[in-house]
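Counting with this note's numbering, you get residues -2 to 236 for the letters of the sequence shown. Cβ coordinates follow ideal geometry from the N, Cα and C atoms, glycine included. Just so it is clear, the structure is predicted and the values come from calculations on it, not from any experiment.
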Amino acid sequence: MAPADPQVPVFEMLPAFEEEGATPFEPGPVARTVLDERSAQGKQCRLLGTRLIALGRDKRLRRIGVVGARPGEGTTTVALGLARALSHDRRRRVLLLELDLRRPALDDELGLDPPSAGLRQYLAGECDVPMLRRSRPAGFWVLSAGGGAAPNAPVPSTARLATLLRATDRVFDYVVADCPPALEEGDAVALQDHLDGFVFVVRSRRAPRETIQRAAALLKPGLIVGLVLNAQRDLLPRL
């Protein structure tokens, strides 16, 4: 367990973090591609990360949510690639946080067993020290939901989440949050006050334009800091 920080006031009750020992990562084919900075997808994520870092010079942009209108847009893939891109500079400490508690996917994508104490257990008060795992050689840390699917999991907008994120601000330079869909049960909308900005993911030829517009309109003006068109295979016409 991390040693207590004497500069943290006791009344804050900020959680410590514990890191598991070396855990082999066996990412699936999609995750392996996006984590490879030499791939086309990896290069695009590097470009996205560079632009977000530049935006962060003018406004606070340390907690970045990755969100789509509905399930299946590819937010987990984009979140993985963005976390890898931001951690390219080894001086940066980056946490990939799984906030979609209804359909956790990070452990499966990375080929990991669920952690002994994931975010769901922490938010439910079943543990006080969430378990982190570091992706090697990618370099970022992972705090996944933990456990299996939970269709009735509560919206992760509790006071314990706010406390956890205050703690991450002390430990990490960036938090990349894989968020639930904006149009599902209002989960992502409830997270707005906890995040500095959203990268909005749109899967090509999937959701109608009206659906995307409706989802984007639910987020506060100025919170969408980037847009990713996922699975685009057609050549765009020159303007």
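Work out the CA separation of residue j and residue i for me, nearest whole Å.
i	j	result
Q4	V126	With a pLDDT of only 37 at Q4, under 50, the local geometry of the prediction cannot be trusted, and the value read off the model is given with reservation. Their backbone Cα atoms lie some 19 angstroms apart in a straight line.
H294	A159	One cannot answer for residue 294 here, as it falls past the ends of the chain, which runs -2 to 236.
I209	E181	13 angstroms
R117	L94	11 angstroms
E123	L96	17 angstroms
L140	M128	7 angstroms
E238	L77	Since the first residue of the chain shown is -2 and the last is 236, residue 238 is not available in this structure.
Y119	K40	34 angstroms
G223	Y171	16 angstroms
F137	R130	9 angstroms
V186	A142	19 angstroms
Q38	R48	16 angstroms
L79	E34	11 angstroms
L83	G25	21 angstroms
A(-1)	E207	Note that A(-1) has pLDDT 38, beneath the 50 cutoff, so the model's placement of it is unreliable and the number below is only indicative. Their Cα atoms are separated by approximately 47 angstroms.
V225	T73	12 angstroms
G108	G71	17 angstroms
F195	G69	17 angstroms
F197	A212	10 angstroms
D166	A135	21 angstroms
A156	S132	28 angstroms
C42	I221	17 angstroms
A121	A164	17 angstroms
V168	D184	26 angstroms
P112	E106	14 angstroms
D110	R81	20 angstroms
R50	K56	Checking the displayed sequence, the identity of residue 50 turns out to be Ile instead of Arg. Those two C-alpha atoms are separated by around 10 angstroms.
Taking residue i as part of the alpha helix (DSSP H), name the residues at either end of that continuous run.
i	result
R43	A37 to L52
D166	A156 to V168
R200	It is not in any alpha helix (DSSP H) - R200 instead sits in the beta strand (DSSP E) that spans G194 to R200.
R59	Neither: R59 is in no alpha helix (DSSP H) and is coded neither H nor E.
E207	R206 to A214
D184	D184 to A187
A28	P26 to L32
I'd like the span of the beta strand (DSSP E) that includes residue i, first residue to last.
i	result
A179	Careful: A179 lies outside any beta strand (DSSP E) and carries neither H nor E.
L224	I221 to N227
Under the assumption that residue i contacts residue j (Cβ atoms under 8 angstroms), give the Cβ distance between them as a whole number of angstroms.
i	j	result
N227	R202	Contact flag wrong, Cβ pair sits at about 10 angstroms.
V75	V63	5 angstroms
A204	A114	Actually they are not in contact, since the Cβ atoms of A204 and A114 sit about 35 angstroms apart, beyond 8 angstroms.
L52	L44	Actually they do not touch by this definition, with Cβ atoms about 13 angstroms apart.
R60	L162	6 angstroms
Entirely enclosed alpha helix (DSSP H) segments - the region 83 to 143, minimum 4 residues: The region 83 to 143 contains these whole alpha helix (DSSP H) runs: 103 to 107 and 116 to 120.
Is it the case that the region 84 to 95 contacts the region 201 to 220, given that we only count it when at least three CB pairs across the two stretches are under 8 angstroms? Below 8 angstroms, too few C-beta pairs join the region 201 to 220 and the region 84 to 95 to call them touching: fewer than three.
With three or more C-beta pairs closer than 8 angstroms as the rule, is the region 97 to 112 touching the region 175 to 188? The region 175 to 188, when compared against the region 97 to 112, does touch it at the 8 angstroms Cβ threshold.
Segment contact, 8 angstroms Cβ cut-off, at least three pairs: the region 25 to 41 with the region 189 to 207: Verdict: no, contact absent.
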